[in-house]
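Take the sequence shown: its position 24, counted from the start at 1, is 5 in the numbering used here, and no numbers get skipped. First comes the structure, then the notes that go with it.
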Amino acid sequence: MDVFVDQIVAHLPQDLQALFLNPPNLSNPSSFLPIIRTILPYTKYVVVLLAFYIVWSTIAGLFGYFSRFVRFALRIGPILGIIAWVMSNSGQGGMDELFDMVKHWTGLAPQNNRAGTSPGIASLAGLFGGTDNSRQRRSSGRSGRRGAASSGGSDFISSLLNSAAGTGRDADWQGVAQDYVRDALAKASGMGWLFGGQNGDQDEIDAETKLALSDTASSSEQSQELPSHPRPHTRDAFPALEHFRIKDIPPAAYYIPEFITPDEEEYLLRKIGESPQPKWKTVGTGRRLQYWGGNMSKNSVLLPEPLPDFLVSFPDIIERIESFLDIASGKTEEQMRSTERSLGINQVLVNEYQPGQGISPHEDGPAFRPLVATISLGSHTVLDIHHYTSTTSPSPPMVATTPHSGPDGDNQGRPIAAIPLAHLLVLPRSLLILSSSLYTSHLHGITPRPADIVVVSAERVTQGSEAVAVVNVELLGNAEVVDTLRNSGQWEKARGTRTSLTFRHAEKTLKGGALSVAKGAVRRF
Ligand SMILES: O=C(O)CCC(=O)C(=O)O
Ligand SMILES: [Fe+2]
């Protein structure tokens, strides 16, 4: 030590020597002065070093985050790509729909939740193969009917199988094979919930459904207010669809009078009226509308939501329309069990027209199956059928518009004949079906008028008169209206508030399965 002091410390500056010989001591603050005096001349270097350190650590930190982000992107990218591929191959849309669904699910998409539930919770129902559709079918009381398989499935595995098998809709062998594979996989893995409710969740859902139905049946409010429907739509009691076909117009429109009872009409109007304010949307002309079953994405994919009880279970309007179509179109029991429902309703559009409001001529578009069923509540209206003008047509053109029903493809802006091809008188409680060429190549609309003057034949329409000749007098089924028309040749009535329910099948539906895969992938990161 002495050598160290003699040979090294002795050559250091005085302040450093003092530090060695007399180390700083807290009880003697002035012993720190040599340190301060030693460091002070080098302060600027210390500051520069500190600045370097701060810059370096900031850059290193940023690089760290960036490299973590790159690693995350490299891992999630292919997974998202696979999900998008599965979705587009199984007709569920692509990334847009995935993001729409996420927005929807997290509640970021406005105004699309079911009454009284948060959007997140409402759409949770669709996450694991239990979408409204499969539930609806199971609760429809048609025992023995295949659920997920015949609907094309609402879960990821069904989507994959459907994707491999084309549409998964037409041929029954596909359904049988799907059931078989699904059952086998579910049993082998013990994860029935993953395979779409054929196995694992079936009992649970059946029990839930029974409970829901018995709750509904015992609800004094409903059973008092809503006497059970006479249900004329059974095979024996019900005539063929052809009986209801509206003649003298292109195929095919069907008009079924008194499809629901006045009590049911009143009940449905009350339920629709009770829906929360945000459920209503208002279009430019002031008409209000609601979507049930989910909204359409920008790419015309339905983002499904559960349909409300007042359409599904009490009264069972949807089931009634489906079985009417099944029976009236002559399906055998076997066909009804093994094939899809005739319409496969997955969305219901509610339009509310005040007197004087209408809807411009439009096509509902290719996003939907070319068969729509509309029930009218509250008031009559006159529906106009329009056609496009050919280049040789002398009729002055009007221009087709797209009021709300999503992309109407090429038809936007195509000139249509100013004079409608036909008029239909649509009375309350009736069911109107538009299908085939009337759906695919004609337009329909309602002229905004406060009242209608209806006549039986075009000869009675005088120039400049507001009167219209309707083509469905034979099918109106309302003695008062028909007698007035036959006796005086004219029926006239002010419009009241009319609410229409349009039942349709969106061809592309975002299925929960793909999203649940995305959810799982995100959870793992
Ligand atoms: O109210 C109606 O009867 C027709 C409604 C309609 O055409 C539509 O919403 O697309
Ligand atoms: Fe329409």
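For each residue, glycine too, the CB sits at the ideal point set by N, CA and C. Quantities reported herein were computed from a predicted structural model and do not represent experimental measurements.
Spatially closest choice to residue i from the options, by CA coordinates
i           : options           : result
residue 331 : 402, 21, 261, 489 : 261
residue 407 : 487, 476, 396     : 476
residue 270 : 328, 282, 245, 63 : 328
residue 418 : 41, 397, 344      : 344
residue 436 : 297, 446, 430     : 446
residue 340 : 45, 366, 441      : 366
residue 241 : 482, 463, 427, 31 : 482
residue 422 : 409, 302, 347     : 347
residue 551 : 234, 18, 263      : As shown, the chain starts at -18 and ends at 506. That puts residue 551 outside it, with no answer to give.
residue 485 : 300, 410, 342     : 300
residue 455 : 236, 30, 222      : 236
residue 410 : 248, 60, -8       : 248
residue 254 : 3, 1, 487, 480    : 480
residue 430 : 309, 69, 286, 473 : 473
residue 397 : 342, 28, 441, 364 : 342
residue 311 : 337, 221, 225     : 221
residue 350 : 0, -8, 322        : 322
Heavy atom of ligand 3 within 7 Å of residue i beta-carbon
i           : result
residue 330 : No copy of ligand 3 appears in this structure; the ligands present are ligand 1 and ligand 2.
Distance, residue j Cα to residue i Cα
i           : j           : result
residue 466 : residue 65  : 58 Å
residue 509 : residue -16 : Since the displayed the chain opens at -18 and closes at 506, residue 509 lies outside it and no answer follows.
residue 369 : residue 272 : 28 Å
residue 267 : residue 258 : 15 Å
residue 335 : residue 362 : 11 Å
residue 355 : residue 478 : 16 Å
residue -14 : residue -4  : 14 Å
residue 252 : residue 291 : 7 Å
residue 187 : residue 293 : Residue confidence for residue 187 is low, a pLDDT of 30 falling below 50, so the modelled location carries little weight; the figure read from the coordinates is stated next. Distance between the alpha carbons of residue 187 and residue 293 is about 15 Å.
residue 316 : residue 283 : 27 Å
residue 21  : residue 80  : 60 Å
residue 448 : residue 399 : 16 Å
residue 280 : residue 491 : 11 Å
residue 413 : residue 314 : 25 Å
residue 426 : residue 420 : 12 Å
residue 15  : residue -11 : 18 Å
residue 278 : residue 67  : 18 Å
residue 256 : residue 360 : 20 Å
residue 56  : residue 62  : 11 Å
residue 17  : residue 52  : 48 Å
residue 228 : residue 60  : 54 Å
residue 303 : residue 78  : 28 Å
residue 213 : residue 444 : With a pLDDT of only 47 at residue 213, under 50, the local geometry of the prediction cannot be trusted, and the value read off the model is given with reservation. Going from the Cα of residue 213 to the Cα of residue 444 covers about 43 Å.
residue 35  : residue 46  : 16 Å
residue 287 : residue 326 : 12 Å
residue 309 : residue 264 : 35 Å
residue 7   : residue 42  : 38 Å
residue 243 : residue 461 : 16 Å
residue 451 : residue 457 : 10 Å
residue 307 : residue 320 : 10 Å
residue 522 : residue 54  : Shown here, the chain extends from -18 to 506; a query on residue 522 therefore has no answer.
residue 402 : residue 424 : 10 Å
residue 364 : residue 58  : 50 Å
residue 415 : residue 48  : 58 Å
residue 3   : residue 26  : 27 Å
Residue environment, residue i, which counts as buried when at least 16 other CB atoms sit within 10 Å
i           : result
residue 433 : buried
residue 394 : exposed
residue 471 : exposed
residue 297 : buried
residue 333 : buried
residue 209 : Confidence at residue 209 is low in this model, with a pLDDT of 41, below 50, so the placement of that residue should be treated as unreliable; the coordinate-derived value is given next. Exposed is the call here.
residue 276 : buried
residue 439 : exposed
residue 571 : Residue 571 is absent from the structure shown; the chain starts at -18 and stops at 506.
residue 274 : buried
residue 464 : exposed
residue 50  : exposed
residue 232 : exposed
residue 324 : buried
residue 32  : exposed
residue 468 : exposed
residue 70  : exposed
residue 453 : buried
residue 225 : buried
residue 489 : buried
residue 305 : buried
8 Å Cβ cutoff, residue i in contact with chain D
i           : result
residue 264 : Chain labels in this structure do not include chain D; a single protein chain is all it has.
**OP:** Please go through the stretch 254 to 336 and give each complete alpha helix (DSSP H) segment of 4 or more residues, from N-terminal end onward.
**Re:** 290 to 293, 298 to 309, 314 to 319
Subject >> Every unbroken beta strand (DSSP E) inside the stretch 438 to 463 [3 residues or more] >> reply: none
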